[in-house]
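Chemist: Below is the structure I would like to discuss, written out as structure tokens.
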Amino acid sequence: MFRTVFAVAAIALFAGAAIAQQDPIAARRALMKANGDQAKIGASMMKGETPFDLDKARKIFAAFEEAATKVPSLLPENSKTGGDTAADPKIWQNMDDVKARFAKFDADAKDALAKVSDLDSFKAAFGAIGKNDCGGCHEKYRIKKS
Amino acid sequence: MRRRTLTFGAAAALVVIVLVLWCLTIPATVPAAALPPHAPDVANGRTMFEIGGCTSCHATPADDPQKVERTKLGGGLALKSPFGTFYVPNISPDPADGIGAWSEADFVTALMKGTSRRGRHLFPAFPYTSYAHMTLNDARDLFAYLKTLPPVSGRVRRHDLGFPFNIRRLVGFWKLLFFHGAPFTPDPAQSAQLNRGAYLVNGPGHCAECHSPRNALGAIVESERFGGGPTPDGKGFVPNITPVGLQHWGDDNIAWSPKDIASFLADGMNPAGDYAGGGMAEVIRNTAELSAADREAIAAYIVSLPPRQGPKPPSKKKEPAGAAAR
């Protein structure tokens, strides 16, 4: 049983890596979409529509951390167009700034993951990350097409 | 003899026609005599500054939009449009390079009639089509507030427009067709909050100027006002904010409530937990400075807009996965 699970997991891991190699646009969109799904949960807790849950809060920041570490390597030169990318060509003219932003996003997400304990600390962390990290990058480097 | 009379008649007719056209396009002004005595309310002027979004165009640009100094209105931003590129002027209180030497009448004339201090038409890239709906006192308060900001030296270069769009007099015709600068009249049948929201959105907020499609002459298509449309530089898309857009929004078909809108205007977070990008992020930096009551008024008005279909956002191009890797 374990061998099957291990085999499936290994295949999934390699398949994921292979897809990332072949289609960085799809891979980074998937990571960003996962971010968005988690952010939606965060928004709901921020607004008091769902009760605060520490596990859910941690999962949100873990997803942010994953995107922050993986997306920078999914921006090869040849992925400016093609697929359905909302990435602004400015990214490739400012790659140092883009990488610095992802590094900050990663640091902020790690910090939040370690420190979040209740609704207030969650609101502070989630709000700051959303506005500065998500918002800042999206304002400069994402083209809204719809 | 007859031919000379004909030629003379034709020339005279031409002169008359040109004179008539010239008169039709005389830039309107607000003379100083038309301004009753008014003690300016600088705090209200600041509110007008924030909802008017002056800084978003007139502040000296920085590489990172989040690092712009909002009170330094030295101009210089390049606005690409289908008619060429507009370079936003300096409206800091610098007496030589900004509006420091302007009178109140000069300012109100520019804001509400779209006429420059030298009596020439201003291009409607400056949204006086919306600002004209402001009250005279709000305009005067705004002027008083602008005068408190730091002077910034440096004149901005002239616009870079193609022929014939660079002929200012022709804007006179554009105004005849598209500029109906009537002041806002509150609707007695609606609540004070709704009237305030309607005033803020249609006047200083000038929301429709981005959130509407435009025709070939760059005027808003009235039947699709607030229905969304391409950004002026053609690269992005501004959403439909009538119920057609806001009641079936995003991947999950969310309906924005007034509370969603008001909180979005405060911190930029939309109901999907994503943060406003593109031009709207700039707007949020302004609306975040308003009172909660004003944001709620705006939200109440927005949800009350009549549903309007606007242009379709560009369809997503589907290319086979892996095409980029080739």
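Protein chains in written order, with our numbering: chain A, 1 to 146; chain B, 1001 to 1326.
Glycine included, each C-beta is placed from N, C-alpha and C at the ideal position.
Keep in mind that this is a model prediction, so the values were computed, not measured.
For a quick check, are the C-beta atoms of Glu1282 of chain B and Ser1081 of chain B less than 7 angstroms apart?
Modeler: Going by C-beta atoms, Glu1282 of chain B is not nearer than 7 angstroms to Ser1081 of chain B.
Chemist: List the whole-angstrom C-beta distance separating Asp1187 of chain B from Val1042 of chain B, where the pair is believed to meet the contact cut-off of C-beta under 8 angstroms.
Modeler: Wrong, their Cβ atoms sit about 29 angstroms apart, outside the cutoff.
Chemist: Taking a Cβ distance cut-off of 9 angstroms, strictly less, list which residues of the segment 34–47 of chain A are near chain B, in chain order.
Modeler: Within the segment 34–47 of chain A, the residues whose Cβ lies closer than 9 angstroms to some Cβ of chain B are Asn35, Gly36, Asp37, Gln38, Ala39, Lys40, Ile41, Gly42, Ala43, Ser44, Met46, Lys47, listed in chain order.
Chemist: Judging by CA-CA distance, which residue of A:Glu66, A:Glu65, A:Ile41 is the nearest neighbour of Leu54 of chain A?
Modeler: Of the candidates A:Glu66, A:Glu65, A:Ile41, the one whose C-alpha sits nearest the C-alpha of Leu54 of chain A is A:Ile41.
Chemist: Any chance the segment 1241–1258 of chain B sits against the segment 1160–1168 of chain B, with 3 or more Cβ pairs inside 8 angstroms?
Modeler: Result no; under three Cβ-Cβ pairs closer than 8 angstroms.
Chemist: Rounded to whole angstroms, how far is the Cβ of Leu1073 of chain B from the Cβ of Leu1149 of chain B, which I believe are closer than 8 angstroms?
Modeler: The pair is a contact, with the Cβ atoms about 6 angstroms apart (cut-off 8 angstroms).
Chemist: Taking a cut of 8 angstroms between CB atoms, which residues from the segment 1057–1089 of chain B lie near chain A?
Modeler: Result list: Asp1064, Pro1065, Gln1066.
Chemist: Please go through the same chain and pick out, in chain order, the residues whose beta-carbon is closer than 7 angstroms to the beta-carbon of Gly82 of chain A, but skip the five residues on each side of it.
Modeler: Once the five neighbours on either side are set aside, the close Cβ partners of Gly82 of chain A are Ile25.
Chemist: What does the alpha-carbon distance come out to for the pair Ala87 of chain A and Ile143 of chain A?
Modeler: Computed Cα separation, rounded: 6 angstroms.
Chemist: By the criterion of Cβ-Cβ separation under 8 angstroms, what are the contact partners of Ala1276 of chain B in chain A?
Modeler: Near Ala1276 of chain B (Cβ distances below 8 angstroms), the residues of chain A are Gly135, His138, Glu139.
Chemist: I think Ala1062 of chain B touches Phe1086 of chain B, with their Cβ atoms under 8 angstroms apart; what is that distance to the nearest whole Å?
Modeler: So it is not a contact: roughly 19 angstroms between Cβ atoms.
Chemist: I'd like to know if Ala1281 of chain B contacts chain A, where contact means its C-beta is closer than 7 angstroms to some C-beta of that chain.
Modeler: Yes, contact with chain A.
Chemist: Given a cut-off of 7 angstroms, decide if Ala1105 of chain B and Gly1181 of chain B are closer than it, judged by their beta-carbon atoms.
Modeler: No, these two residues do not count as a Cβ contact at 7 angstroms.
Chemist: Answer yes if the segment 1302–1314 of chain B comes into contact with the segment 1270–1278 of chain B, meaning at least three C-beta pairs across the two stretches below 8 angstroms, and no otherwise.
Modeler: Too few Cβ pairs lie closer than 8 angstroms, so no.
Chemist: Let me confirm a value: Thr1005 of chain B is counted as buried when at least 16 other C-beta atoms fall within 10 Å, else exposed. Which label applies?
Modeler: Its Cβ having fewer than 16 others within 10 Å, Thr1005 of chain B is exposed.
Chemist: Where Ile1254 of chain B and Ser44 of chain A are concerned, what is the direct C-alpha to C-alpha distance, given to the nearest angstrom?
Modeler: Approximately 13 angstroms, taken between the alpha carbons.
Chemist: Should Ser1034 of chain B go down as buried or exposed, given a rule of 16 or more other Cβ atoms within 10 Å for buried?
Modeler: The residue asked about is misnamed: residue 1034 of chain B is Ala in this sequence, not Ser. With fewer than 16 Cβ atoms within 10 Å of its Cβ, Ala1034 of chain B is classed as exposed.
Chemist: Does the Cβ-Cβ distance between Val1088 of chain B and Leu1077 of chain B come in under 7 angstroms?
Modeler: In this structure, Leu1077 of chain B lies closer than 7 angstroms to Val1088 of chain B by Cβ.
Chemist: State the DSSP-derived secondary structure class of Val116 of chain A, mapped to helix, strand or coil.
Modeler: Coil, per DSSP.
Chemist: Going along the chain, which residues of its own chain have a beta-carbon closer than 6 angstroms to the beta-carbon of Lys1318 of chain B, five neighbours each way excluded?
Modeler: With a pLDDT of 35 at Lys1318 of chain B, under the threshold of 50, the predicted position of this residue should be treated as unreliable, and no value is reported.
Chemist: What's the call for Gln38 of chain A, buried or exposed, on a 16-neighbour Cβ count within 10 Å?
Modeler: Result: buried.
Chemist: Give the straight-line distance between the Cα atoms of Gly1098 of chain B and Gly1052 of chain B, rounded to the nearest whole angstrom.
Modeler: If you take the alpha carbons of Gly1098 of chain B and Gly1052 of chain B, they lie about 18 angstroms apart.
Chemist: Is the beta carbon of Ile1302 of chain B closer than 7 angstroms to that of Ile1241 of chain B?
Modeler: In this structure, Ile1302 of chain B lies closer than 7 angstroms to Ile1241 of chain B by Cβ.
Chemist: Kindly list the residues whose CB is nearer than 8 angstroms to the CB of Ala1323 of chain B, restricted to its own chain and excluding five residues on each side of it in sequence; keep chain order.
Modeler: Unreliable placement is indicated for Ala1323 of chain B, whose pLDDT of 34 sits below 50; the coordinate value is still reported in the next sentence. Closer than 8 angstroms at Cβ, skipping near neighbours: no residue.
Chemist: Could you say which of B:Ala1300, B:Gly1227, B:Phe1107 lies nearest to Ala1192 of chain B if we only look at CA atoms?
Modeler: Nearest C-alpha to Ala1192 of chain B: B:Ala1300.
Chemist: How is Arg1118 of chain B classed by DSSP in three states: helix, strand or coil?
Modeler: Of the three classes helix, strand and coil, the one that applies to Arg1118 of chain B here is coil, per DSSP.
Chemist: Say yes only if the C-beta of Ala114 of chain A is nearer than 6 angstroms to one or more non-hydrogen atoms of the ligand GDP, and no if none qualify.
Modeler: With respect to small molecules bound, the structure shown includes none, and the ligand GDP cannot be examined in it.
Chemist: Among B:Asp1274, B:Glu1222, B:Gly1234, which has the Cα closest to the Cα of Gln1309 of chain B?
Modeler: Minimum Cα distance to Gln1309 of chain B is reached at B:Glu1222.
Chemist: Mark Val1016 of chain B as exposed unless 16 or more other C-beta atoms lie within 10 angstroms of its C-beta, in which case mark it buried.
Modeler: With fewer than 16 other Cβ atoms within 10 Å, it is exposed.
Chemist: I believe His1206 of chain B touches Ser1257 of chain B by the beta-carbon criterion, under 8 angstroms. Please report the beta-carbon distance rounded to the nearest angstrom.
Modeler: Incorrect: roughly 24 angstroms between the Cβ atoms, too far for contact.
Chemist: If we cut at 7 angstroms on Cβ distances, does Ala1272 of chain B have a partner in chain A?
Modeler: Interface residue, yes.
Chemist: Grouping DSSP H, G and I as helix and E and B as strand, with all else coil, what is Ala1255 of chain B?
Modeler: Note: Ala1255 of chain B maps to coil in three-state DSSP.
Chemist: Less than 7 angstroms between the beta carbons of Asp106 of chain A and Ala68 of chain A, yes or no?
Modeler: Their beta carbons are under 7 angstroms apart, which means Asp106 of chain A touches Ala68 of chain A by this criterion.
Chemist: From Pro1320 of chain B to Ala27 of chain A, what distance separates their C-alpha atoms?
Modeler: Low confidence applies to Pro1320 of chain B: its pLDDT is 33, below 50, so where it sits in the model is not reliable, and the reading given next is rough at best. Between Pro1320 of chain B and Ala27 of chain A, the C-alpha separation is close to 14 angstroms.
Chemist: Can you say whether Trp1102 of chain B is buried or exposed, counting buried as having 16 or more other CB atoms within 10 angstroms of its CB?
Modeler: So Trp1102 of chain B counts as buried.
Chemist: Does the separation of the CB atoms of Phe1083 of chain B and Phe1107 of chain B fall below 7 angstroms?
Modeler: Going by C-beta atoms, Phe1083 of chain B is not nearer than 7 angstroms to Phe1107 of chain B.
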